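Novice: Chains H and E, in that order, are what the protein sequence lines are.
Quick note, the working numbering runs 71 ahead of the 1-based positions in the first sequence.
Quick note, the working numbering runs 291 ahead of the 1-based positions in the second sequence.
Can you keep this structure in mind? I'll have questions shortly.
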Amino acid sequence: METAQDTIQQNEAKAETSKTLFKGTGSQVLLNGLIEEGVTTIFGYPGGAIMPIYDALYDYADKLEHILVRHEQGGIHAAQGFARASGEVGVVFATSGPGATNLVTGLADAQIDSTPLVCITGQVFAHLLGTDAFQETDVINITTPVTKWNYQVTDAKEIQEVLAKAFYIAKSGRPGPVLIDITKNAQLQLEEFPEYVKCNHIRSYRPKPKVRVEYIEQAAELINSAKKPFILFGQGVILGKAEEEFKAFIDKTGIPAAWTIMGEGAIPTSHPLNVGMLGMHGNYGPNVLTNEADVIIAIGMRFDDRVTGRLDKYAKQAKVVHLDIDPAEIDKNVKAEVGVWGDCKETLPLLTNLVNENKHEDWLAKFRDYNQQEIDQVITPELYPTGDEMTMGEVLRNINEICGGDAVIVTDVGQHQMVACRYAKFNNTRSNITSGGLGTMGFGLPAAIGAKYGVPDKTVIAIIGDGGFQMTPQELGTIMQFGAAVKILILNNRFLGMVRQWQQLFHDKRYSFVNITSPDFVALAKSYYIEASKVDERANLRQALETMINHEGSYLLEVMVGRENNVFPMVPQGMSVSEIRLK
Amino acid sequence: MSTENTIEHKIDKADLEGKQEYTITVYAENRIGLLNRIAIIFSKRKINIESLNTSPSEIDGIHRFNIVIHESYEVVRKLARQIEKQIEVLKVYFNTNDEIIWQELALYKVSTDEIAEKVTVERLLRQYGASAVVIRKDYTVFAVTGHREETDALVKALEPYELIEFVRSARVAIIKDSAGFHEKLKEFEAFEPGEELVENEFLDKGQKIFTM
Numbered sequence: 072m073e074t075a076q077d078t079i080q081q082n083e084a085k086a087e088t089s090k091t092l093f094k095g096t097g098s099q100v101l102l103n104g105l106i107e108e109g110v111t112t113i114f115g116y117p118g119g120a121i122m123p124i125y126d127a128l129y130d131y132a133d134k135l136e137h138i139l140v141r142h143e144q145g146g147i148h149a150a151q152g153f154a155r156a157s158g159e160v161g162v163v164f165a166t167s168g169p170g171a172t173n174l175v176t177g178l179a180d181a182q183i184d185s186t187p188l189v190c191i192t193g194q195v196f197a198h199l200l201g202t203d204a205f206q207e208t209d210v211i212n213i214t215t216p217v218t219k220w221n222y223q224v225t226d227a228k229e230i231q232e233v234l235a236k237a238f239y240i241a242k243s244g245r246p247g248p249v250l251i252d253i254t255k256n257a258q259l260q261l262e263e264f265p266e267y268v269k270c271n272h273i274r275s276y277r278p279k280p281k282v283r284v285e286y287i288e289q290a291a292e293l294i295n296s297a298k299k300p301f302i303l304f305g306q307g308v309i310l311g312k313a314e315e316e317f318k319a320f321i322d323k324t325g326i327p328a329a330w331t332i333m334g335e336g337a338i339p340t341s342h343p344l345n346v347g348m349l350g351m352h353g354n355y356g357p358n359v360l361t362n363e364a365d366v367i368i369a370i371g372m373r374f375d376d377r378v379t380g381r382l383d384k385y386a387k388q389a390k391v392v393h394l395d396i397d398p399a400e401i402d403k404n405v406k407a408e409v410g411v412w413g414d415c416k417e418t419l420p421l422l423t424n425l426v427n428e429n430k431h432e433d434w435l436a437k438f439r440d441y442n443q444q445e446i447d448q449v450i451t452p453e454l455y456p457t458g459d460e461m462t463m464g465e466v467l468r469n470i471n472e473i474c475g476g477d478a479v480i481v482t483d484v485g486q487h488q489m490v491a492c493r494y495a496k497f498n499n500t501r502s503n504i505t506s507g508g509l510g511t512m513g514f515g516l517p518a519a520i521g522a523k524y525g526v527p528d529k530t531v532i533a534i535i536g537d538g539g540f541q542m543t544p545q546e547l548g549t550i551m552q553f554g555a556a557v558k559i560l561i562l563n564n565r566f567l568g569m570v571r572q573w574q575q576l577f578h579d580k581r582y583s584f585v586n587i588t589s590p591d592f593v594a595l596a597k598s599y600y601i602e603a604s605k606v607d608e609r610a611n612l613r614q615a616l617e618t619m620i621n622h623e624g625s626y627l628l629e630v631m632v633g634r635e636n637n638v639f640p641m642v643p644q645g646m647s648v649s650e651i652r653l654k
Numbered sequence: 292m293s294t295e296n297t298i299e300h301k302i303d304k305a306d307l308e309g310k311q312e313y314t315i316t317v318y319a320e321n322r323i324g325l326l327n328r329i330a331i332i333f334s335k336r337k338i339n340i341e342s343l344n345t346s347p348s349e350i351d352g353i354h355r356f357n358i359v360i361h362e363s364y365e366v367v368r369k370l371a372r373q374i375e376k377q378i379e380v381l382k383v384y385f386n387t388n389d390e391i392i393w394q395e396l397a398l399y400k401v402s403t404d405e406i407a408e409k410v411t412v413e414r415l416l417r418q419y420g421a422s423a424v425v426i427r428k429d430y431t432v433f434a435v436t437g438h439r440e441e442t443d444a445l446v447k448a449l450e451p452y453e454l455i456e457f458v459r460s461a462r463v464a465i466i467k468d469s470a471g472f473h474e475k476l477k478e479f480e481a482f483e484p485g486e487e488l489v490e491n492e493f494l495d496k497g498q499k500i501f502t503m
């Protein structure tokens, strides 16, 4: 028979186990969750539908640094720069309606470049959903094609679990952007919340495919039998944090390795087996020899059309081994003889164990021969020009000489991007940050701000064209207010240079709307209280660059470069990689 | 289970170049918005969906989609991988018509007078294996299950006799040759019960709950 005393004790014990650890609003539990996930920096912009979260943020200022950007697009590009430089998840806040729609470009960019982001958008009250309320937009449906996952929270009780899932999805497997839309009632709702639990499993989600040893064995056999093997590596090496494993693999096999622009920096530029850049504006040797290699080993890259050129003439002679964490990438564009599904951090060491040590001296010499032709015909004239006009290449050469390959270089999109990727030297991984897949003009300045928050001890140089800079110049205001010491280098050719190059080469020099005038960039920067100067003569270039890099805070330097310089080599669109032009 | 190497290579069987009918079977969590996510995979590539059926599977919280498209093997294989890649999708199969058993349900509304008066109609219906679902004074509804040709043939046959209304369902299909996903689903349910679907409970509450 149960006594009254027993019942009281049982009730007390029950109360003990169900004790909630936190009582607060949905907004507070969201911010607690971010802290639990290790977030320290948030980029964002407040507004009506996210005001309860911002209100709560007021009390979290000592734990969460919020950078008020000048436009939500700037906020998400900054979070991308942060994520790419630091390897952590970037976090963005935006309000409903226009705030959320302004994130779309950055989401698309992060999706195609596999950048881990968690975006939190405010939404109108749940009872107003679907009524075309003030600043209501169907952000879930708008962002579905450009997110890895998204979810709308209408009840505060969902927030913890959804946030934990969001972080897990954003950073696991092939990373990507995730968006959580939280209605205003859920932000305000007062609840008792249990302890925050991180997510490490979702029933329907297998971030890493099971590694099949038989495919590794087949791959090793193919690699060991190859006379002219060639490695193409992409960002998968960096995202998998497999730089060491990758280096061990190439060092043992002695196979020449070329990179996509997203893979640049995974091994140092100076590595003897690093033979250069692939693709449309890549190096001569790697492109031509793609169509000569007998075995191609593609690692963490996705055979983008800017890399392959015409697919029906791409490496038809080669047997392809493709290592990728995303099974949907294998055979998507180029048919693989052997597909090795898995995280290259796991698969590369297994493969390294099974491959023979080799040197491939004769084959490497071919790359050097082609490289010499490129040096003579393209690289030397670009880096050491003899004419009066400054070239983008010589600016990069000077940066390399001053920084010695240690700077983080963030580029915008266009000719300067290709020049920077071709000529910048990198000693360290995560040092090349660029908009690869989407080619987003306007990415450079905000991404550089984010990168500086991601790696505050490194020198961050944003290299931007005069066109791209004018897409997001308002972020100078963010620098002014929050003091990110970003070095901004505008390479000004007074044209939308890459479009002009195409018009020159493929549209009979009909320069249709590529002539762009610019404001006084120096005065603009100074109006934001950012130090600035301008160079239009070679004699002053080196000194100006040193001043910029050695300056303690942020600095803007505008360099006037040749108007109609072109980026070569070039694989014209619709041509084969072996038809790459040196001129 | 998603991303295991289980989307089989059926290159020997399949017609690599030519287009044919494929039935894609998707097992997925019952989540708001997932249908849109899957539909986008087709629309992004400008591929038309011939028919789409989505309904609960034998396990709570898991839905089964049957999507019929007319495409080449290569395209379908890539689509299947893209679908399986979605977070909330558990498993995707794709099959040609000779690899599945499938049915569509068709309903035919015809004038009861016509039926009563004209014996040939009765015979027609028997011939097509139709069953009466509703018999009213003014009309009768018949149901037929079968392949498209069969249900189409009955439409043609009934047209002279005042076919008032006709509707056909999307395809439901079962794969002939695999062990199926049933065992896997049961394992999931035992070890990883699904989460409850959260719908918007505030939708019709108006200003009663929260006001600015």
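Glycine is no exception: its CB is placed at the ideal position from the N, C-alpha and C atoms.
Because the structure is a prediction, the values reported are computed rather than measured.
Using the beta-carbon count (16 or more within 10 Å), is residue 578 (chain H) buried or exposed?
Specialist: To locate residue 578 (chain H), count along the first sequence from 1; it is residue 507. Exposed.
Novice: Could you pull out every residue in the same chain whose Cβ sits closer than 8 Å to the Cβ of residue 407 (chain E), ignoring the five residues on either side in sequence?
Specialist: If you number the second sequence from 1, residue 407 (chain E) lands on position 116. So no residue of the chain qualifies.
Novice: Quick one: list the residues of chain H neighbouring residue 526 (chain E), beta-carbon separation under 7 Å, in chain order.
Specialist: This structure does not reach residue 526 (chain E), given that chain E is present from 292 up to 503, and the question cannot be answered.
Novice: Taking all protein chains shown into account, decide if residue 129 (chain H) is buried (16 or more other Cβ within 10 angstroms of its Cβ) or exposed.
Specialist: As a first step, residue 129 (chain H) must be located in the first sequence, where it is residue number 58. When all chains shown are included, residue 129 (chain H) counts as exposed.
Novice: Taking only runs that begin and end inside the region 579 to 638 of chain H, name each unbroken beta strand (DSSP E) of 3 or more residues, in chain order.
Specialist: Whole beta strand (DSSP E) segments, 3+ residues: 602 to 606 and 626 to 631.
Novice: Taking residue 487 (chain H) as part of the alpha helix (DSSP H), name the residues at either end of that continuous run.
Specialist: On the first sequence, position 416 is the one that residue 487 (chain H) refers to. Looking at the DSSP string, the run of the alpha helix (DSSP H) that includes residue 487 (chain H) is 486 to 494.
Novice: Roughly how many whole angstroms lie between the Cα atoms of residue 562 (chain H) and residue 313 (chain E)?
Specialist: Stepping through the first sequence from its first residue, residue 562 (chain H) is reached at position 491. Stepping through the second sequence from its first residue, residue 313 (chain E) is reached at position 22. If you take the alpha carbons of residue 562 (chain H) and residue 313 (chain E), they lie about 53 Å apart.
Novice: What does DSSP give as the partner residue(s) for residue 564 (chain H) in the beta ladder?
Specialist: Translated into positions along the first sequence, residue 564 (chain H) becomes position 493. Looking at the DSSP assignment, residue 564 (chain H) forms no beta bridge with any residue, so it has no partner.
Novice: Alpha helix (DSSP H) containing residue 125 (chain H): first to last residue?
Specialist: For this step, residue 125 (chain H) is matched to residue 54 along the first sequence. Its alpha helix (DSSP H) spans residues 122 to 128.
Novice: Taking the beta carbon of residue 425 (chain E) as the centre, do at least 16 other beta carbons fall within 10 Å, making it buried, or is it exposed?
Specialist: For the purposes of this step, residue 425 (chain E) is taken as residue 134 along the second sequence, with counting starting at 1. Under this definition residue 425 (chain E) is an exposed residue.
Novice: Considering only DSSP beta bridges, list what residue 190 (chain H) is partnered with.
Specialist: One-based indexing of the first sequence puts residue 190 (chain H) at position 119. Note: residue 190 (chain H) sits in a beta bridge opposite H:163 and H:250.
Novice: Taking the straight line between their C-alpha atoms, what separation do you get for residue 627 (chain H) and residue 601 (chain H)?
Specialist: Along the first sequence, one-based indexing puts residue 627 (chain H) at 556. Along the first sequence, one-based indexing puts residue 601 (chain H) at 530. Distance between the alpha carbons of residue 627 (chain H) and residue 601 (chain H) is about 7 Å.
Novice: Closer than 6 Å by C-beta to residue 331 (chain H): which residues in its own chain qualify, once you throw out the five before and the five after it? Chain order, please.
Specialist: Counting from 1 along the first sequence, the entry for residue 331 (chain H) is found at position 260. Result list for residue 331 (chain H): 305, 349, 372 and 378, in chain order.
Novice: Distance, Cα to Cα, residue 370 (chain E) vs residue 411 (chain H)?
Specialist: Along the second sequence, read from residue 1 onward, the residue named residue 370 (chain E) stands at position 79. Along the first sequence, read from residue 1 onward, the residue named residue 411 (chain H) stands at position 340. The straight-line gap from Cα to Cα measures roughly 20 Å.
Novice: Curious, which full-length beta strand (DSSP E) runs of at least 3 residues does the region 438 to 503 of chain E contain?
Specialist: Entirely contained in the region 438 to 503 of chain E, the beta strand (DSSP E) runs reaching 3 residues are, in chain order, 454 to 459 and 463 to 466.
Novice: Residue 293 (chain E): buried (16+ other C-beta within 10 angstroms of its C-beta) or exposed?
Specialist: Residue numbering aside, residue 293 (chain E) sits at position 2 when the second sequence is read from its first letter. Bear in mind that the predicted position of residue 293 (chain E) carries a pLDDT of just 41, short of 50, making it unreliable; the figure below should be weighed with that in mind. Under this definition residue 293 (chain E) is a buried residue.
Novice: Alpha carbon to alpha carbon, how far is residue 325 (chain H) from residue 569 (chain H)? Give it in angstroms, no decimals.
Specialist: Numbered from 1 along the first sequence, position 498 holds the residue referred to as residue 569 (chain H). Numbered from 1 along the first sequence, position 254 holds the residue referred to as residue 325 (chain H). Rounded to the nearest angstrom, the two C-alpha atoms are 36 Å apart.
Novice: Can you give the Cα-Cα distance for residue 136 (chain H) and residue 286 (chain H), rounded to whole angstroms?
Specialist: Looking up residue 136 (chain H) in the first sequence gives position 65. Looking up residue 286 (chain H) in the first sequence gives position 215. For residue 136 (chain H) and residue 286 (chain H), the distance between alpha carbons rounds to 46 Å.
Novice: Quick one, which of H:127, H:134, H:448 and H:124 has its alpha-carbon nearest residue 111 (chain H)'s?
Specialist: Position 40 of the first sequence holds residue 111 (chain H). The candidate whose alpha carbon is nearest that of residue 111 (chain H) is H:134.
Novice: Where residue 332 (chain E) and residue 476 (chain H) are concerned, what is the direct C-alpha to C-alpha distance, given to the nearest angstrom?
Specialist: Position 41 of the second sequence, counting from 1, holds the residue named residue 332 (chain E). Position 405 of the first sequence, counting from 1, holds the residue named residue 476 (chain H). Using only the alpha carbons, I get a separation of about 42 Å.
Novice: Under a Cβ-count criterion, where at least 16 other Cβ atoms within 10 Å of its own Cβ denotes burial, should residue 219 (chain H) be classed as buried or exposed?
Specialist: Indexing the first sequence from 1 puts residue 219 (chain H) at position 148. It counts as buried.
Novice: With a threshold of 7 Å between beta carbons, is residue 225 (chain H) in contact with chain E?
Specialist: Taking the first residue of the first sequence as 1, we reach residue 225 (chain H) at position 154. Closer than 7 Å to some Cβ of chain E, the Cβ of residue 225 (chain H) qualifies, so yes.
Novice: Tell me, please, which residues DSSP counts as bridged to residue 441 (chain H).
Specialist: Here residue 441 (chain H) refers to the residue found at position 370 of the first sequence. Note: residue 441 (chain H) sits in no beta bridge, so no partner.
Novice: Give the list of continuous alpha helix (DSSP H) stretches no shorter than 4 residues that lie fully inside the region 332 to 378 of chain H.
Specialist: Within the region 332 to 378 of chain H, the complete alpha helix (DSSP H) runs of at least 4 residues are 355 to 361.
Novice: Specify the secondary structure class of residue 395 (chain H) as computed by DSSP and reduced to three states.
Specialist: In the first sequence, counting from the first residue as 1, residue 395 (chain H) sits at position 324. Residue 395 (chain H): strand per DSSP, three-state reduction.
Novice: On the premise that residue 167 (chain H) lies in contact with residue 194 (chain H), defined as a C-beta separation below 8 Å, what is that separation, rounded to the nearest angstrom?
Specialist: Counting from one through the first sequence, the residue named residue 194 (chain H) turns up at place 123. Counting from one through the first sequence, the residue named residue 167 (chain H) turns up at place 96. Rounded, the Cβ-Cβ distance is 5 Å, consistent with contact.
Novice: Between the C-alpha atoms of residue 481 (chain E) and residue 273 (chain H), what's the straight-line distance to the nearest angstrom?
Specialist: Numbered from its first residue, the second sequence carries residue 481 (chain E) at position 190. Numbered from its first residue, the first sequence carries residue 273 (chain H) at position 202. Their Cα atoms are separated by approximately 15 Å.
Novice: First and last residue of the alpha helix (DSSP H) that includes residue 468 (chain H)?
Specialist: What you label residue 468 (chain H) is simply residue 397 of the first sequence in a count that begins at 1. That run of the alpha helix (DSSP H) goes 463 to 474.
Novice: Going along the chain, which residues of the region 310 to 343 of chain E sit with their C-beta nearer than 8 Å to a C-beta in chain H?
Specialist: From the region 310 to 343 of chain E, only 319, 320, 323, 324, 327, 328, 331 and 335 have a Cβ closer than 8 Å to chain H.
Novice: Using a Cβ-Cβ cutoff of 9 Å, what residues of the region 263 to 295 of chain H are near chain E? List them in chain order.
Specialist: Cβ contacts with chain E come from 272, 273, 274, 275, 276, 277, 278, 279, 280, 281, 283 and 286.
Novice: Please state if the CB of residue 464 (chain H) and the CB of residue 453 (chain H) are separated by a distance shorter than 7 Å.
Specialist: By 1-based counting over the first sequence, the position of residue 453 (chain H) is 382. By 1-based counting over the first sequence, the position of residue 464 (chain H) is 393. Yes.
Novice: Pull up the distance between the alpha-carbon of residue 172 (chain H) and that of residue 444 (chain E), whole angstroms please.
Specialist: For the purposes of this step, residue 172 (chain H) is taken as residue 101 along the first sequence, with counting starting at 1. For the purposes of this step, residue 444 (chain E) is taken as residue 153 along the second sequence, with counting starting at 1. Roughly 50 Å separates the two Cα atoms.
Novice: Let's see if you can read the secondary structure: which residues bound the alpha helix (DSSP H) around residue 232 (chain H)?
Specialist: Translated into positions along the first sequence, residue 232 (chain H) becomes position 161. Taken as a continuous stretch (DSSP letters only), the alpha helix (DSSP H) holding residue 232 (chain H) covers 230 to 242.
Novice: Quick one: is residue 198 (chain H) buried, meaning 16 or more other Cβ sit within 10 Å of its Cβ, or exposed?
Specialist: The residue labelled residue 198 (chain H) in the question sits at position 127 within the first sequence. Its Cβ being crowded by 16 or more others within 10 Å, residue 198 (chain H) is buried.
Novice: For the alpha helix (DSSP H) containing residue 454 (chain H), list its first residue and its last residue.
Specialist: Taking the first sequence and counting its residues from 1, the one referred to as residue 454 (chain H) is at position 383. Where residue 454 (chain H) is concerned, the enclosing alpha helix (DSSP H) stretches over 451 to 454.
Novice: Quick check: is the beta carbon of residue 467 (chain E) nearer than 7 Å to any beta carbon in chain H?
Specialist: Numbered from its first residue, the second sequence carries residue 467 (chain E) at position 176. With 7 Å as the cut-off, residue 467 (chain E) does not count as an interface residue toward chain H.
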